[in-house]
Amino acid sequence: MWGYVAPLRDMQFVLDEWLEAGKDWAQIPAFAELGADTVQQILAAAADFAAHTLQPINLPADRSGCRWEAGDVRTPQGFVQAYRQFREAGWPALACDPEYGGQGLPLLLNAALYEMLMAANHAWSMYPGIVHGAYDCLRTHASREIRSRYLPKIVSGEWLCTMCLTEPQAGSDVGLVRTRAEPRADGTYSISGTKIFISGGEHDLTDNILHLVLARLPDAPAGTRGISLFLVPKRLPTAGSPANALRCEGIEKKMGIKGSATCVMNFGGAQGWLIGEPHRGLAAMFVMMNAARLHVGLQGLGHAEMAYQNARRHAAERRQMRSPERPADAGEAHPGGADPIDFHPAMRRTLMTLRALVEGERALGYWSAHLLDLAEHDPDESRRAAAQDLLSLLTPVIKSFFTENGFNLSSAALQVFGGYGYIQDYGIEQSVRDSRIAMIYEGSNEIQGVDFLVRKVIGDGGRKFKLLLQWIADEAAACRAVPALEQFGAELDALTGRWQKVTGEIIAEAGTAPAAAYGIAGDHLRVAGLCLLGACWARTARVSMARSQEPFYRGKLDAARFYFDCLLPEAGWRLDLIGRRHLPLPWVRPTE
Ligand SMILES: Cc1cc2nc3c(=O)[nH]c(=O)nc-3n(C[C@H](O)[C@H](O)[C@H](O)COP(=O)(O)OP(=O)(O)OC[C@H]3O[C@@H](n4cnc5c(N)ncnc54)[C@H](O)[C@@H]3O)c2cc1C
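Numbered per the numbering used here, the sequence shown spans residues 783 to 1374.
Given below as structure tokens:
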């Protein structure tokens, strides 16, 4: 039946052999004492919490959903207890600064923790999932007084946070936000307006909830340059912690993540504190959104992992028909003549697709989390800057490529279950529904495509893009130096060469034909994901060669070959499409 076992062996492989994270940590004073045993214990404890506390309440929460009553929200059964356990174990503090009560551990470990939490229970993980971004935003932009008042409560998990951007008329375009902020005599602000779709806007996990709200000051210019950021607590920091003037007006009935309360929030002159500078709220909010986008990418990875391990188990147990070609590892024929469905080539191919994308994404996702640590802590300033540049390109790729795969792979896994997959009790249909939202929120995947190509690649004339290409080229070159892996290196070089050429053309024509880039931005981002995963698999193959006699590493080499033979070629036809960007647009506005 449906279940979750954290892929600790693969996580350890990525941390120790693929990333060799310990070598970098040894150079960073904040992490120098972190030993392999401690890392193992942390991952094992997180795996236990995910599998034994969160996973069992996932399906019942999907059935019951949250309950709204007169402004209060009750989360599904077991959510409050699970959150209490989470807090008591110190998980919210894992990667936070000891100055505010944190444990000061790497964000890389936080990423591994969240991959497990999201896989086991996406809806529950929505409540604490936003917190690290809010913590970063306040740490970077809030006044000393706000930091000392709120950060220790956030780090201890005593209070949770929200991110309040969306309004009925302002979705992808936050420049359309209308919520108002009027200055008050005491230096604070009075916030009025309605926000919709706010995750965790109200709940029963914590007494206080800290809302980070985008609003306009009276003299604000139109558009995104007139938006400011405010901290608006549910309970005020004065004696007796009176309630602030805000209320949850209702929760949405929705397709998935039903245990996560998606709230309509009304701010009726609520007291708020300005974070950062007036009219510069979007810059402050971006600190939070970038962290949140990597987290949302991990939701896609978590769903795909969960789908993969359950589909694999089902395919090994379920028998139907005889396979046309009995695989070498088939064993004894079944007396009834029917083989497990994972003997059938079509099912093997689906399972290998799941495996190759899941394990490739784990390497890429953890590398990005490691870059977050290096961008903050590397003793060498130029390496800190390079890590930041790479991250700015990797963030939209991870958000969009991982979430698109998360949904598509959940659907592919449902196919492995056949008709049972469509039935509620088997769990996979919930994954298909739950995973879908990640392609929409935190900046839809279309917005990520524009962010990557137009804002970031064209925006700096391809400077950061060269860094990314160099990383891929280095992996390809290292593979070419290993006789059995030359082909991987050559294929990667050929594709990235085409990608570099066409991107150079797009940058050159940005002044004269800017619209063309918008039409193919999604394909361009997909090529980025595929080439980056190609480089990840190239490194995995190289690392695995020396121990190719052992089943774990043999399996890695098989999956690498599958990725290069069956999945990377998608980049080729996406590049063909990108080459057609100047043809008269086939995607005219549809008319009757
Ligand atoms: C379950 C759930 C939880 C959420 N949680 C939060 C939260 O905690 N806080 C919060 O503030 N918001 C939250 N949201 C809102 C979410 O971030 C928005 O739904 C999202 O940003 C998209 O906005 P929209 O729904 O208005 O769609 P629209 O902006 O109307 O977009 C509709 C379609 O048009 C496309 N599109 C729009 N502009 C462009 C463009 N320039 N180029 C190409 N395509 C474009 C979009 O990609 C999308 O496919 C949540 C939503 C849901 C459903």
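In this text, a Cβ means the ideal position worked out from N, Cα and C, and glycines have one as well. All values derive from a computational prediction rather than experimental measurement.
Check: residue i C-beta below 7 Å from any heavy atom of ligand 1
i: E984; result: no
i: K1036; result: yes
i: Y1204; result: no
i: Y1223; result: yes
i: Q1228; result: First, the amino acid is wrong: residue 1228 is Glu here, not Gln. Yes; taking the cut-off as 7 Å, the Cβ of E1228 has a heavy atom of ligand 1 nearer than that.
i: F1049; result: no
i: L947; result: yes
i: G953; result: yes
i: I1039; result: yes
i: F1068; result: no
i: F979; result: yes
i: V913; result: no
i: I1219; result: yes
i: V796; result: no
i: V1232; result: yes
i: T1020; result: no
i: T988; result: no
i: T1177; result: no
i: T1132; result: no
Close-in-space but distant-in-sequence residues of the same chain around residue i (CB under 7 Å, 5 per side omitted)
i: I978; result: T948, E949, P950, V1046
i: R1324; result: A1260, C1261, V1264, L1267
i: M1037; result: R1215, R1218
i: Y882; result: L933, P934, V937
i: G1008; result: R998, A1002, H1061
i: L1251; result: T1278, Q1282
i: E1186; result: M1221, N1227
i: R1336; result: S1330
i: Q1170; result: A1157
i: V913; result: P874, I936, L942, C943
i: L1056; result: Y971, S1010, F1012
Close-in-space but distant-in-sequence residues of the same chain around residue i (CB under 8 Å, 5 per side omitted)
i: Q867; result: F831, T835
i: R960; result: E949, Q951, A952, G975, R998
i: P842; result: P858, Q859, G860
i: L1453; result: An answer regarding residue 1453 cannot be provided, because it is not within the stretch 783 to 1374 covered by the chain.
i: A1027; result: F1049, G1050, G1051, A1052, Q1053
i: G1118; result: R1101
Cβ neighbour criterion (16 or more within 10 Å) applied to residue i
i: M786; result: The residue asked about is misnamed: residue 786 is Tyr in this sequence, not Met. The residue is buried, with at least 16 neighbouring Cβ atoms inside 10 Å.
i: K1181; result: buried
i: K1283; result: exposed
i: R1371; result: exposed
i: P1296; result: exposed
i: T1044; result: buried
i: H1364; result: exposed
i: D989; result: exposed
i: G1243; result: exposed
i: S1150; result: buried
i: Q1269; result: exposed
i: M898; result: buried
i: F1199; result: buried
i: K1246; result: buried
i: K1035; result: exposed
i: T1177; result: buried
Cβ distance (whole Å) where residue i is taken to contact residue j below 8 Å
i: G804; j: A788; result: The Cβ separation is near 20 Å, so there is no contact.
i: A1097; j: L1191; result: 14 Å between Cβ atoms; not a contact.
i: L1136; j: A1093; result: 7 Å
i: E1141; j: D792; result: 6 Å
i: H1152; j: L801; result: 6 Å
Run of the alpha helix (DSSP H) containing residue i, from where it starts to where it stops
i: I928; result: 926 to 938
i: A1320; result: 1303 to 1327
i: R1131; result: 1127 to 1159
i: L790; result: 790 to 794
i: E1163; result: 1163 to 1198
i: F1270; result: 1268 to 1290
i: E1099; result: 1063 to 1099
i: E1211; result: 1210 to 1218
i: M900; result: 889 to 902
i: W807; result: 803 to 809
Element boundaries [beta strand (DSSP E), containing residue i]
i: F979; result: 971 to 981
i: F861; result: Looking at the DSSP string, F861 is not in any beta strand (DSSP E); the run it does join, the alpha helix (DSSP H), is 861 to 870.
i: W850; result: 849 to 851
i: D854; result: 854 to 856
i: G1337; result: G1337 -> not in any beta strand (DSSP E); alpha helix (DSSP H) instead, spanning 1333 to 1344.
i: E964; result: 962 to 965
i: L1013; result: 1010 to 1015
Own chain partners of residue i with C-beta closer than 6 Å, once the 5 adjacent residues on each side are dropped
i: S1105; result: D1121, F1125, H1126
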